[in-house]
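Have a look at the structure below before the remarks.
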(Lines of atoms letter the chains of each structure in order from A; the text may use other names.)
(Lines give C-alpha, C1' and ligand atoms only; values in the text may rest on other atoms or scores of the structure.)
Protein backbone atom coordinates (compact mmCIF):
# COMPACT_ATOMS: atom_id res chain seq x y z
CA UNK A 1 0.00 0.00 0.00
CA UNK A 2 2.84 2.36 0.87
CA UNK A 3 4.62 1.70 -2.44
CA UNK A 4 1.40 2.39 -4.37
CA UNK A 5 0.99 5.69 -2.53
CA UNK A 6 4.59 6.68 -3.31
CA UNK A 7 4.09 5.75 -6.96
CA UNK A 8 0.91 7.82 -7.16
CA UNK A 9 2.63 10.85 -5.62
CA UNK A 10 5.56 10.52 -8.03
CA UNK A 11 3.20 10.33 -11.03
CA UNK A 12 1.27 13.30 -9.62
CA UNK A 13 4.47 15.36 -9.36
CA UNK A 14 5.87 14.31 -12.73
CA UNK A 15 2.61 15.15 -14.50
CA UNK A 16 2.88 18.76 -13.43
CA UNK A 17 6.42 19.62 -14.40
CA UNK A 18 9.17 18.55 -16.77
CA UNK A 19 12.51 20.38 -16.57
CA UNK A 20 15.39 19.53 -18.89
CA UNK A 21 17.99 20.99 -21.21
CA UNK A 22 19.35 19.93 -24.58
CA UNK A 23 21.70 21.21 -27.28
CA UNK A 24 20.68 22.24 -30.76
CA UNK A 25 22.75 23.08 -33.83
CA UNK A 26 22.35 25.46 -36.77
CA UNK A 27 18.78 25.27 -38.13
CA UNK A 28 18.44 21.96 -36.33
CA UNK A 29 15.07 20.97 -34.91
CA UNK A 30 14.67 19.20 -31.58
CA UNK A 31 11.35 17.89 -30.29
CA UNK A 32 9.96 16.59 -27.02
CA UNK A 33 6.83 14.47 -26.67
CA UNK A 34 4.28 15.12 -23.95
CA UNK A 35 1.41 12.71 -23.29
CA UNK A 36 -1.38 15.12 -22.35
CA UNK A 37 -5.07 14.60 -21.47
CA UNK A 38 -7.70 16.64 -23.28
CA UNK A 39 -8.72 20.12 -22.08
CA UNK A 40 -5.41 20.60 -20.27
CA UNK A 41 -3.38 23.77 -20.06
CA UNK A 42 0.33 23.40 -20.86
CA UNK A 43 2.79 26.18 -20.06
CA UNK A 44 6.41 26.08 -21.22
CA UNK A 45 9.28 28.32 -20.19
CA UNK A 46 12.59 28.20 -22.01
CA UNK A 47 15.90 30.03 -22.10
CA UNK A 48 18.47 29.79 -24.89
CA UNK A 49 22.20 30.15 -24.26
CA UNK A 50 25.17 29.76 -26.57
CA UNK A 51 27.40 26.94 -25.42
CA UNK A 52 31.00 26.11 -26.33
CA UNK A 53 31.17 22.32 -26.58
CA UNK A 54 34.98 22.36 -26.17
CA UNK A 55 35.41 24.62 -23.14
CA UNK A 56 31.93 23.95 -21.71
CA UNK A 57 31.47 27.67 -21.15
CA UNK A 58 28.51 29.89 -21.89
CA UNK A 59 29.07 32.54 -24.59
CA UNK A 60 27.41 35.85 -25.24
CA UNK A 61 24.01 35.70 -26.88
CA UNK A 62 23.89 36.19 -30.63
CA UNK A 63 21.99 39.32 -31.75
CA UNK A 64 18.65 38.61 -33.32
CA UNK A 65 18.55 35.09 -31.96
CA UNK A 66 15.03 33.66 -31.89
CA UNK A 67 13.34 30.33 -31.47
CA UNK A 68 10.48 28.84 -33.47
CA UNK A 69 8.14 26.86 -31.23
CA UNK A 70 5.77 24.41 -32.90
CA UNK A 71 3.21 22.21 -31.17
CA UNK A 72 1.55 19.37 -33.06
CA UNK A 73 -1.48 17.38 -31.89
CA UNK A 74 -1.72 13.56 -32.01
CA UNK A 75 -3.60 13.90 -35.31
CA UNK A 76 -0.82 16.00 -36.89
CA UNK A 77 -2.62 19.33 -36.62
CA UNK A 78 -0.44 22.33 -35.76
CA UNK A 79 -1.74 23.74 -32.50
CA UNK A 80 0.93 26.43 -32.05
CA UNK A 81 3.58 27.85 -34.37
CA UNK A 82 5.25 31.07 -33.30
CA UNK A 83 8.63 32.80 -33.26
CA UNK A 84 9.86 33.81 -29.80
CA UNK A 85 13.00 35.48 -28.54
CA UNK A 86 16.01 33.88 -26.80
CA UNK A 87 13.87 33.55 -23.68
CA UNK A 88 10.13 33.17 -23.55
CA UNK A 89 6.96 31.50 -22.37
CA UNK A 90 4.50 29.65 -24.56
CA UNK A 91 1.19 28.05 -23.66
CA UNK A 92 -1.56 26.04 -25.29
CA UNK A 93 -4.62 24.04 -24.30
CA UNK A 94 -5.01 20.51 -25.61
CA UNK A 95 -8.37 19.46 -27.02
CA UNK A 96 -7.32 15.86 -27.74
CA UNK A 97 -5.79 13.24 -25.48
CA UNK A 98 -2.51 11.77 -26.62
CA UNK A 99 1.09 12.53 -27.50
CA UNK A 100 1.71 16.18 -28.37
CA UNK A 101 5.00 17.02 -30.10
CA UNK A 102 6.72 20.24 -29.03
CA UNK A 103 9.53 21.28 -31.38
CA UNK A 104 12.19 24.00 -31.20
CA UNK A 105 14.22 25.44 -34.06
CA UNK A 106 16.57 28.41 -34.13
CA UNK A 107 15.96 31.20 -36.63
CA UNK A 108 19.59 32.31 -36.60
CA UNK A 109 22.77 30.98 -38.20
CA UNK A 110 25.10 33.66 -36.85
CA UNK A 111 26.25 31.65 -33.85
CA UNK A 112 27.45 28.86 -36.17
CA UNK A 113 30.42 30.92 -37.35
CA UNK A 114 32.11 30.15 -34.05
CA UNK A 115 33.57 26.65 -34.28
CA UNK A 116 32.14 24.26 -31.72
CA UNK A 117 29.33 26.59 -30.73
CA UNK A 118 25.87 25.21 -30.08
CA UNK A 119 22.71 26.42 -28.42
CA UNK A 120 21.69 25.06 -25.06
CA UNK A 121 17.95 25.24 -24.40
CA UNK A 122 16.74 25.07 -20.81
CA UNK A 123 13.12 23.95 -20.90
CA UNK A 124 10.52 23.75 -18.15
CA UNK A 125 7.11 22.36 -19.14
CA UNK A 126 4.20 22.42 -16.74
CA UNK A 127 1.07 20.43 -17.42
CA UNK A 128 -2.15 21.28 -15.63
CA UNK A 129 -4.13 24.25 -14.47
CA UNK A 130 -2.69 27.65 -13.57
CA UNK A 131 -0.12 27.49 -10.82
CA UNK A 132 -0.51 29.47 -7.67
CA UNK A 133 1.15 32.87 -7.77
CA UNK A 134 2.59 33.23 -4.26
CA UNK A 135 3.55 36.88 -4.76
CA UNK A 136 -0.02 37.76 -5.68
CA UNK A 137 -1.36 35.76 -2.76
CA UNK A 138 0.82 37.58 -0.25
CA UNK A 139 -0.52 40.93 -1.42
CA UNK A 140 -4.11 40.02 -0.54
CA UNK A 141 -5.91 39.71 2.76
CA UNK A 142 -6.44 36.41 4.56
CA UNK A 143 -9.97 35.81 3.24
CA UNK A 144 -8.92 36.24 -0.37
CA UNK A 145 -5.82 34.17 0.31
CA UNK A 146 -7.90 31.22 1.51
CA UNK A 147 -10.31 31.67 -1.40
CA UNK A 148 -7.50 31.70 -3.97
CA UNK A 149 -5.85 28.67 -2.42
CA UNK A 150 -9.15 26.78 -2.45
CA UNK A 151 -9.71 27.67 -6.10
CA UNK A 152 -6.20 26.52 -6.90
CA UNK A 153 -6.77 23.26 -5.03
CA UNK A 154 -10.03 22.67 -6.91
CA UNK A 155 -8.26 23.29 -10.22
CA UNK A 156 -5.58 20.77 -9.28
CA UNK A 157 -8.23 18.22 -8.30
CA UNK A 158 -9.91 18.69 -11.68
CA UNK A 159 -6.56 18.18 -13.37
CA UNK A 160 -5.90 14.98 -11.43
CA UNK A 161 -9.40 13.76 -12.33
CA UNK A 162 -8.71 14.34 -16.02
CA UNK A 163 -5.38 12.54 -15.65
CA UNK A 164 -7.13 9.56 -14.09
CA UNK A 165 -9.81 9.54 -16.80
CA UNK A 166 -7.09 9.63 -19.43
CA UNK A 167 -5.22 6.76 -17.78
CA UNK A 168 -8.44 4.73 -17.68
CA UNK A 169 -8.98 5.51 -21.35
CA UNK A 170 -5.45 4.36 -22.20
CA UNK A 171 -5.92 1.22 -20.09
CA UNK A 172 -9.18 0.45 -21.93
CA UNK A 173 -7.47 0.87 -25.31
CA UNK A 174 -4.60 -1.36 -24.20
CA UNK A 175 -7.05 -4.01 -22.96
CA UNK A 176 -8.94 -3.99 -26.26
CA UNK A 177 -5.69 -4.23 -28.20
CA UNK A 178 -4.57 -7.16 -26.03
CA UNK A 179 -7.91 -8.93 -26.52
CA UNK A 180 -7.75 -8.42 -30.29
CA UNK A 181 -4.16 -9.70 -30.36
CA UNK A 182 -5.07 -12.78 -28.31
CA UNK A 183 -8.07 -13.42 -30.56
CA UNK A 184 -5.89 -13.16 -33.68
CA UNK A 185 -3.35 -15.54 -32.15
CA UNK A 186 -6.12 -18.06 -31.37
CA UNK A 187 -7.52 -17.93 -34.90
CA UNK A 188 -4.04 -18.23 -36.39
CA UNK A 189 -3.41 -21.30 -34.24
CA UNK A 190 -6.71 -22.81 -35.45
CA UNK A 191 -5.82 -22.08 -39.08
CA UNK A 192 -2.37 -23.64 -38.62
CA UNK A 193 -3.95 -26.75 -37.07
CA UNK A 194 -6.41 -27.08 -39.96
CA UNK A 195 -3.60 -26.68 -42.49
CA UNK A 196 -1.51 -29.39 -40.75
CA UNK A 197 -4.52 -31.74 -40.62
CA UNK A 198 -5.26 -31.11 -44.31
CA UNK A 199 -1.63 -31.73 -45.31
CA UNK A 200 -1.59 -34.91 -43.23
CA UNK A 201 -4.79 -36.23 -44.83
CA UNK A 202 -3.43 -35.38 -48.28
CA UNK A 203 -0.14 -37.17 -47.56
CA UNK A 204 -1.95 -40.28 -46.27
CA UNK A 205 -4.23 -40.35 -49.35
CA UNK A 206 -1.27 -39.89 -51.70
CA UNK A 207 0.67 -42.67 -49.98
CA UNK A 208 -2.37 -44.97 -50.12
CA UNK A 209 -2.87 -44.24 -53.84
CA UNK A 210 0.85 -44.93 -54.42
CA UNK A 211 0.64 -48.33 -52.69
CA UNK A 212 -2.49 -49.23 -54.65
CA UNK A 213 -0.84 -48.21 -57.94
CA UNK A 214 2.19 -50.36 -57.13
CA UNK A 215 -0.14 -53.20 -56.01
CA UNK A 216 1.55 -53.30 -52.63
CA UNK A 217 -1.78 -53.56 -50.87
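Residue numbers (full-length UniProt numbering): 1 to 217.
Yeah, the Cβ is synthetic: ideal placement off N, Cα and C, and Gly gets one too.
For clarity, every value in this text was computed on a predicted model and none was experimentally measured.
Terminal residues of the continuous beta strand (DSSP E) containing residue i?
| i | result |
| --- | --- |
| residue 94 | 87-94 |
| residue 39 | Careful: residue 39 lies outside any beta strand (DSSP E) and carries neither H nor E. |
| residue 72 | 67-72 |
| residue 98 | 98-106 |
Which of the three DSSP states is assigned to residue i in this structure?
| i | result |
| --- | --- |
| residue 200 | helix |
| residue 27 | coil |
| residue 221 | The question about residue 221 has no answer, for the chain in this structure spans 1 to 217. |
| residue 226 | Not covered by the structure: residue 226. The range shown for the chain is 1 to 217. |
| residue 47 | strand |
| residue 214 | coil |
| residue 190 | helix |
Tell me which residues share the same chain as residue i and place their Cβ nearer than 8 Å to its Cβ, disregarding the 5 neighbours each side in the sequence.
| i | result |
| --- | --- |
| residue 87 | 46, 47 and 48 |
| residue 38 | 94, 95, 96, 97, 162 and 166 |
| residue 106 | 24, 26, 27, 28, 48, 65, 66, 67, 68 and 119 |
So, under 8 Å CB-CB, residue i and residue j are touching, yes? Tell me the CB distance rounded to an integer number of Å.
| i | j | result |
| --- | --- | --- |
| residue 102 | residue 32 | 5 Å |
| residue 127 | residue 34 | 7 Å |
| residue 104 | residue 173 | Contact flag wrong, Cβ pair sits at about 30 Å. |
| residue 75 | residue 100 | Between residue 100 and residue 75 the Cβ distance is about 10 Å, and since that is not below 8 Å, they are no contact. |
Kindly list the residues whose CB is nearer than 7 Å to the CB of residue i, restricted to its own chain and excluding five residues on each side of it in sequence; keep chain order.
| i | result |
| --- | --- |
| residue 25 | 118 |
| residue 267 | For residue 267 there is no data in the structure shown, the boundaries of the chain being 1 and 217. |
| residue 122 | 21, 46 and 47 |
| residue 183 | none |
Considering only residues of the same chain and omitting the five flanking positions on each side of residue i, which have a CB-CB separation below 6 Å?
| i | result |
| --- | --- |
| residue 193 | none |
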